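In this note's numbering, the protein residues as written are 644 to 758.
From the three backbone atoms N, C-alpha and C, an ideal C-beta is built for every residue, glycine too.
A quick note: this is a predicted structure, and the numbers were derived from the prediction, not measured.
Let me begin by presenting the structure, written as structure tokens, before commenting on it.
Next up, the structure:
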């Protein structure tokens, strides 16, 4: 199960890089199109890891980050001011990664207490 998730996570990275490359090179249509499967893959990863907190929270942070990044890209491409939405999504990603860090550190403390 985790090998399948790792494969998807690794496939997700090139999609994200292609999207950002399209953004950098001002390929509006290509960037917009590639953003859809990139976000779709992030959503799928969040769904399939929902029962595994140590995998779920980082994937949720990535989903928020890609959502913020895509919102920012779309705003720049099509001259919309989506800054506040992008900031909100970036902040949500930070919260998700802080939850993840809390889970990891509290599990380490629990394990150390058992030893």
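A direct Cα-to-Cα measurement between residue 664 and residue 713 gives close to 12 Å. In the DSSP annotation of this structure, the continuous segment of the alpha helix (DSSP H) that includes residue 697 starts and ends at 696-721. Here residue 736 really is in contact with residue 704; their C-beta atoms are around 4 Å apart, less than 8 Å. Residue 659 is a Cβ neighbour of residue 681, given a cutoff of 8 Å. Rounded to whole angstroms, the separation of the alpha carbons of residue 670 and residue 739 is 31 Å.
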